[in-house]
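> For what it's worth, our numbering labels the leading residue of the sequence shown as 10, then goes sequentially. Glycine included, each C-beta is placed from N, C-alpha and C at the ideal position. Treat the numbers as computed from the prediction; the structure is a model and nothing was measured.
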Amino acid sequence: MVIYPKEEYGSVYQIPFDEYYKNGYRAIIFDIDNTLVPHGAPADRKSIQLCERLKKMGFKICFLSNNNKKRVEPFAKTMDAGYRCNAGKPFKKGYLEMAENLQVEREKILFIGDQLFTDILGANRVGYYSILVGRVNRKESVLVVLKRIPERISMYFYHRKHKRHGDNSEERKEANAS
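1. When you compare the CB positions of Ile57 and Lys64, do they come within less than 8 Å of one another, or not?
2. Rounded to the nearest angstrom, what separates Lys3 and Leu73 at their Cα positions?
3. Can you name the start and end residues of the beta strand (DSSP E) that Gly122 belongs to?
4. Mark Lys79 as exposed unless 16 or more other C-beta atoms lie within 10 angstroms of its C-beta, in which case mark it buried.
5. Around the Cβ of Lys98, are there at least 16 other Cβ atoms within 10 angstroms (buried) or fewer (exposed)?
6. Under 7 Å Cβ to Cβ from Ile37, same chain only, skipping five residues before and after it: list those, please.
7. Going by C-alpha to C-alpha distance, which of Lys15, Asp40, Gly33, Lys31 sits closest to Ala90?
8. Please classify Arg54: is it buried, with 16 or more other beta-carbons within 10 angstroms of its beta-carbon, or exposed?
9. Looking only at its own chain, which residues have a Cβ that is under 6 Å from the Cβ of Asp123, when we skip the five neighbours before and after it?
10. Within 10 angstroms of its Cβ, does Val11 collect 16 or more other Cβ (buried), or is it exposed?
11. From Ile129 to Gly33, what does the alpha carbon distance come to, in whole angstroms?
12. Can you have a look at Pro51 and say buried or exposed, based on whether 16 or more other CB atoms are within 10 angstroms of its CB?
13. Could you check whether Arg115 and Glu106 sit closer than 8 Å to each other, using their CB atoms as the reference points?
14. Can you give the Cα-Cα distance for Ile140 and Glu17, rounded to whole angstroms?
15. By a C-beta neighbour count over all protein chains shown, 10 Å radius and 16 as the cutoff for buried, is Ser178 buried or exposed?
16. What are the partner residues of Ala36, as DSSP defines its beta bridges?
17. Could you check which residue in Phe100, Asn77, Arg35, Lys31 has the C-alpha nearest to that of Phe126?
18. For Gly103 and Ala132, what's the separation of their Cα atoms in angstroms?
Put into structure tokens, the structure is as follows:
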């Protein structure tokens, strides 16, 4: 179904990026807030090192955020990566612009985010391989907290279905723990 991720991990730092590269993926588009760092926080050493490692592996990196330029541009510049702010996720336009800027086929792009109805829905609609990660920080705005309620309900049924069909992957267990 279009709202569910292709994969799920407890944290962006648990993703086996080398495996995805071996499988032909060549670009990664990240959401920023609560995916890589707490909401509003600058790039930290851990996220910078991750992006440097991914670039050395051969990935093209960029950021897609619904946040404003004042927030997104400094973060992306620290990472020496492209970005699209005020993206209007989950609408397709921002996602498609990023694929065009990266000059990578959509089927070879990973999209990593922490929200089901913005990040994952939009990524799936344009054909990216979507990865849902656990949020970095539990402290969130009221609006995001309200969006999380239907997300939790949807993911409950998603996990129930996968458990019923014998999916007991470690990644899913770790994601459920957070």
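Per the coordinate set shown:
1. no
2. As displayed, the chain neither begins before 10 nor continues past 187, which places residue 3 out of reach and without an answer.
3. 118 to 122
4. exposed
5. buried
6. Leu63, Phe68, Ile70, Leu119, Ile121
7. Asp40
8. exposed
9. Asn43, Thr44, Val142, Arg144
10. exposed
11. 20 Å
12. exposed
13. no
14. 6 Å
15. At Ser178, the pLDDT of 48 sits below 50, so the modelled position is not reliable; the number obtained from the coordinates is stated separately. Exposed.
16. Lys69, Ile118
17. Phe100
18. 10 Å
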